[in-house]
Amino acid sequence: MLHGSFYQDRLGKDNRAYMFKTANQLDPSAILLVNDYHVEDGEDSNSSPEKYIDHILDLKEQGASVGGIGIQGHRDSPVGPIVCSALDKLGILGLPIWFSELDVCSINEYVRADDLEVMLWEALAHPAVEGIMLWGFWELFMSRDHTHLVHAEGD
1 MLHGSFYQDR LGKDNRAYMF KTANQLDPSA ILLVNDYHVE DGEDSNSSPE KYIDHILDLK
61 EQGASVGGIG IQGHRDSPVG PIVCSALDKL GILGLPIWFS ELDVCSINEY VRADDLEVML
121 WEALAHPAVE GIMLWGFWEL FMSRDHTHLV HAEGD
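Counted the way UniProt numbering counts, the sequence shown spans residues 1 to 155.
Shown next, in the form of structure tokens:
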């Protein structure tokens with residue numbers, strides 16, 4: 001949503017809101033979420049909680065039925081207070097927040113475990129966070145190296 005503009009460049013500025021409206025017409029009971037990455041880490045100039053909030057408010061002003069906020073959460077060396085601050089800012093909107101693709105990366109499995117603990121503590125402790133989906137857990141099926149919880153051999 002904050003990254004890339006392939007469809008917007010080809011179909012117009014209102015295309016993202018149109019997608020939400022169309023999905024809502026096809027299934028009014030569906031809860032539709034925005035979903036983006038690097039919102040919670042302060043490391044990407046293209047995305048920040050403030051830019052995400054502006055984007056969500058813009059979609060809602062165009063009639064999009066945004067029902068929640070997705071955060072992709074692919075992290076290296078997460079900093080708890082930065083994650084908490086981002087969640088606090090996004091939580092002001094009153095929408096449920098989901099970590100939709102949570103994983104952490106470190107070649108050292110003990111550091112990886114500590115980093116995952118940081119992310120889980122921040123997410124589980126925050127009142128606006130309603131869910132967490134791990135991006136995966138088994139080494140053979142992870143798209144990023146050094147993010148698995150279980151080695152390919154099963155240990």
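For each residue, glycine too, the CB sits at the ideal point set by N, CA and C. All of these numbers come straight from a predicted model, not from anything done at the bench.
Pick from the options that is closest to residue i, judged by C-alpha positions
i	options	result
F141	S77, D103 and H55	D103
S100	M119, G131 and D76	G131
W98	D115, M119 and V79	M119
L93	S45, H151 and D54	D54
E43	K13, L32 and V79	V79
Residue i Cβ short of 8 angstroms to the ligand FAD heavy atom set
i	result
P127	The ligand FAD is not part of this structure, which contains no ligands at all.
Element boundaries [beta strand (DSSP E), containing residue i]
i	result
W98	I97 to C105
H74	H74 to D76
M19	First-last for M19: N15 to L26, but that is the alpha helix (DSSP H), not the beta strand (DSSP E).
L149	Counting along the chain, L149 falls outside any beta strand (DSSP E), and DSSP gives it neither H nor E.
E130	V129 to L134
D36	L32 to D36
G94	Careful: G94 lies outside any beta strand (DSSP E) and carries neither H nor E.
Element boundaries [alpha helix (DSSP H), containing residue i]
i	result
V111	E109 to A125
G91	G80 to G91
L11	F6 to L11
D58	P49 to E61
Contact belief for residue i with residue j at Cβ below 8 angstroms, rounded distance in angstroms
i	j	result
K21	G63	6 angstroms
V34	G70	6 angstroms
CB of residue i within 9 angstroms of CB of residue j, strictly
i	j	result
G50	V83	First, the amino acid is wrong: residue 50 is Glu here, not Gly. No. Outside cutoff.
L2	V39	yes
G91	A30	no
H74	W135	yes
Y37	Q72	yes
C105	D145	yes
L87	I56	no
L59	A17	yes
S65	N24	yes
I77	D27	Note that residue 77 corresponds to Ser in the displayed sequence, not to Ile. No, the Cβ-Cβ distance between S77 and D27 is not below 9 angstroms.
Any C-beta of chain B under 9 angstroms from that of residue i
i	result
P49	No chain B appears in the structure shown, which is made up of a single protein chain.
State whether the segment 117–136 contacts the segment 66–85, with contact taken as three or more CB pairs (one from each stretch) at a distance under 8 angstroms.
Verdict: yes, contact present.
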